[in-house]
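Numbering (the numbering used here), first residue to last: 39 to 473.
Glycine included, every Cβ here is placed at the ideal spot set by N, Cα and C.
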């Protein structure tokens, strides 16, 4: 997927490849609707309750909104990828089901956020074109930095997490970081598309190492460096890790130079070593990661309980609402995959991972089939956001890396995240239709 690979990549009309017929593709969205309805009914049976009107209303709104979005996509973007919407909707249905199980009062609210997210997906049609985003690349970068500065000054911490990352507007908590990451990806795609040839061939070789041309990397270093610095000041290292990984992915795709990735990884490791010494909360997370068992009754309680939950689920799980994920603090946001592993087992966990793999593959297929360089890089960046975010939270739950506070796309509870993720899907659908 380097610059040279992109030059010889096959150009196929349409984003769906061997796609099913439009009517069959639209019918695919019935699966997540049925999945949510059956799941909520099973939840009520296990609890020996009558299905409450809030749950029925939430499921009905989910189904109506999803079917409306699917019909709109088939009408407005007839060549769009036919699988992205059903896959993302299935993950969102699972998220609403698990939220209803773990925090019943938040289930209807999560359903409302899904509807808003689907509206954002449809709203992508209002863009004059995908290329229109490229023309205002510096505007998006400045806006991203401005949002971070405003968060640093006026941000609140309603959850007591130690990081003031939310705006509270009318009693609703909104996380600007979800918008910031999209704005920065658009900026990177536009800038790298403009200078991709220079980044690929205008560098300097020192021994076996190929150094990038610094004059052309300087705008990226300034914009991205400023964003990362603000993430550090906000004590929000999860997005810093996520966006650093997205930057390295897009830089490699644009230039084809592995040396750039190597240099970036070295700088990233050095940055986190410095953070380990400079920030107490980072040092605490590193201690928990190195030996959570010695801290299992204090700081390591949360990750240890998550590991117990995963282990107790076995292959098929304890059954929906038959486990004890309530012992995991913030399970509906930070450790929802542990709850899935306990109650739906290894089979359910692998099903979730498979859905993410399918989504990521479709995203990269869209990138390869895009005829415009900006659209290709934008598709790579947006897909990388979903892929790396899922990878980071899964690895953190398994204690392969320190916990970051990043949520599982579409599945974890969180309105800002759900809306931003559906916006990503909308942009990918638009790119696939225009390919």
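Report task. Below 8 Å on the Cβ atoms is my guess for residue 269 versus residue 283; work out the distance and round it to an integer in Å. Result -> In the chain shown, the residue the question calls residue 269 occupies position 231. In the chain shown, the residue the question calls residue 283 occupies position 245. Actually they are not in contact, since the Cβ atoms of residue 269 and residue 283 sit about 13 Å apart, beyond 8 Å.
**Report entry** Spatially closest choice to residue 77 from 340, 135, 113, by CA coordinates
**Finding:** Working through the chain shown from its first residue, we reach residue 77 at position 39. If we check each option's Cα against that of residue 77, 135 comes out closest.
Query raised in the report: Which residues in the same chain as residue 149 place their Cβ atom closer than 7 Å to its Cβ, once the five residues preceding and following it in sequence are excluded?
Result: Here the question's residue 149 lines up with position 111 in the chain shown. Excluding residues within five positions, the ones whose Cβ falls inside 7 Å are 96, 99, 100, 134.
Report task. Classify residue 191 as buried or exposed, calling it buried when 16 or more other Cβ atoms lie within 10 Å of its own Cβ. Result -> The residue you call residue 191 lines up with position 153 of the chain shown. So residue 191 counts as exposed.
Query raised in the report: Among all the DSSP beta bridges, which residues are the ones paired with residue 205?
Result: Within the chain shown, residue 205 is the residue found at index 167, counting from 1. Partner(s): 212.
Query raised in the report: How many whole angstroms separate the CB atoms of residue 431 and residue 375, which I take to be in contact at a CB cut-off of 8 Å?
Result: Translated into positions along the chain shown, residue 431 becomes position 393. Translated into positions along the chain shown, residue 375 becomes position 337. With a Cβ gap of about 7 Å, residue 431 and residue 375 count as contacting.
Query - residue 128: first and last residue of the uninterrupted alpha helix (DSSP H) it sits in - result: Reading the chain shown from its first residue, position 90 is the one you call residue 128. Per DSSP, residue 128 belongs to the alpha helix (DSSP H) from 122–140.
Query raised in the report: Which residues bound the alpha helix (DSSP H) around residue 169?
Result: Walking along the chain shown from the start, residue 169 turns up at place 131. From DSSP, the alpha helix (DSSP H) with residue 169 extends over 168–173.
Requested in this report: Pair every Cβ in the region 123–132 with every Cβ in the region 166–179, then say whether three or more of these pairs are closer than 8 Å.
Outcome: no
Requested in this report: Could you tell me which of 457, 168, 436 sits nearest to residue 465, measuring between CA atoms?
Outcome: Along the chain shown, one-based indexing puts residue 465 at 427. Nearest of 457, 168, 436 to residue 465, Cα basis: 168.
Query raised in the report: Does DSSP put residue 146 in a helix, a strand or coil?
Result: Locating residue 146 in the chain shown gives position 108, counting from the first residue. Helix.
Query raised in the report: DSSP state of residue 23, grouped into three classes?
Result: Shown here, the chain extends from 39 to 473; a query on residue 23 therefore has no answer.
Query raised in the report: Count the other CB atoms within 10 Å of the CB of residue 119; is the residue buried (16 or more) or exposed (fewer)?
Result: By one-based count along the chain shown, residue 119 stands at place 81. The residue in question, residue 119, is buried, as its Cβ has 16 or more Cβ neighbours within 10 Å.
Query raised in the report: Got a sec, what are the start and stop residues for the alpha helix (DSSP H) residue 71 sits in?
Result: For this step, residue 71 is matched to residue 33 along the chain shown. Looking at the DSSP string, the run of the alpha helix (DSSP H) that includes residue 71 is 68–84.
Query raised in the report: Which of the three DSSP states, helix, strand or coil, is assigned to residue 367?
Result: For the purposes of this step, residue 367 is taken as residue 329 along the chain shown, with counting starting at 1. Correct three-state label for residue 367: coil.
Query raised in the report: Does the region 427–441 come within contact of the region 103–114, defined as at least 3 CB pairs closer than 8 Å?
Result: no
**Report entry** Whole-angstrom distance between residue 423 and residue 226, CA atom to CA atom
**Finding:** Within the chain shown, residue 226 is the residue found at index 188, counting from 1. Within the chain shown, residue 423 is the residue found at index 385, counting from 1. Their backbone Cα atoms lie some 13 Å apart in a straight line.
Query raised in the report: In terms of residues, what are the limits of the alpha helix (DSSP H) holding residue 383?
Result: By 1-based counting over the chain shown, the position of residue 383 is 345. Start and end: 374–407.
Query raised in the report: Are the region 409–427 and the region 211–231 touching, with three or more C-beta to C-beta distances below 8 Å?
Result: yes
Query raised in the report: Since residue 380 contacts residue 401 with CB under 8 Å, what's their CB separation in whole angstroms?
Result: Residue 380 sits at position 342 when you count from the first residue of the chain shown. Residue 401 sits at position 363 when you count from the first residue of the chain shown. That belief does not hold up - the Cβ atoms of residue 380 and residue 401 are roughly 29 Å apart, past 8 Å.
Query - Nonlocal neighbours in the same chain, by C-beta distance under 8 Å from residue 45, ignoring five residues either side - result: The sequence position of residue 45 within the chain shown is 7, counting from 1. Interpretation of residue 45 is limited by its pLDDT of 40, a score under 50 that renders its predicted location unreliable; no figure is taken from the coordinates.
Requested in this report: Can you tell me which of the three DSSP states residue 106 falls into?
Outcome: The residue given as residue 106 occupies position 68 in the chain shown. Helix, per DSSP.
**Report entry** residue 447 in three-state terms, based on DSSP
**Finding:** Taking the first residue of the chain shown as position 1, residue 447 is located at position 409. Of the three classes helix, strand and coil, the one that applies to residue 447 here is coil, per DSSP.
Query raised in the report: What is the DSSP secondary structure of residue 464, counted as helix, strand or coil?
Result: Within the chain shown, numbered from 1, the residue matching residue 464 stands at position 426. Residue 464 falls in the helix class under three-state DSSP.
**Report entry** Own chain, CB closer than 6 Å to residue 155, minus 5 neighbours either side, in chain order
**Finding:** In the chain shown, the residue the question calls residue 155 occupies position 117. Correct list, in chain order: 456, 457, 460.
Report task. Kindly list the residues whose CB is nearer than 6 Å to the CB of residue 231, restricted to its own chain and excluding five residues on each side of it in sequence; keep chain order. Result -> The residue you call residue 231 lines up with position 193 of the chain shown. Taken in chain order, the residues that qualify are 411, 412, 415.
**Report entry** residue 436 to residue 445 span [Cα, whole Å]
**Finding:** In the chain shown, the residue the question calls residue 436 occupies position 398. In the chain shown, the residue the question calls residue 445 occupies position 407. Rounded to whole angstroms, residue 436 to residue 445 spans 14 Å at the Cα level.
Query raised in the report: What number of angstroms, rounded off, separates the C-alpha of residue 468 from the C-alpha of residue 336?
Result: One-based indexing of the chain shown puts residue 468 at position 430. One-based indexing of the chain shown puts residue 336 at position 298. Cα-Cα distance, rounded: 48 Å.
Requested in this report: Please specify which runs of the alpha helix (DSSP H), each continuous and at least 4 residues long, are wholly inside the region 318–348, giving them in chain order.
Outcome: 318–328
Query raised in the report: Between which two residues does the alpha helix (DSSP H) containing residue 116 stretch?
Result: Position 78 of the chain shown, counted from the start, is the residue given in the question as residue 116. Element bounds for residue 116: n/a, residue is neither H nor E.
Requested in this report: Kindly indicate which three-state DSSP category residue 294 falls into: helix, strand or coil?
Outcome: Position 256 of the chain shown, counting from 1, holds the residue named residue 294. In the structure shown, residue 294 sits in coil (DSSP, three-state: anything other than H, G, I, E or B).
Report task. For residue 330, I'd like the list of residues in its chain whose CB is within less than 7 Å of its CB, leaving aside the five on either flank, ordered along the chain. Result -> Here residue 330 refers to the residue found at position 292 of the chain shown. 338, 341, 342, 437.
Query - With 16 other Cβ atoms within 10 Å as the buried cut-off, status of residue 166 - result: Against the chain shown, residue 166 aligns to sequence position 128. Label assigned to residue 166: exposed.
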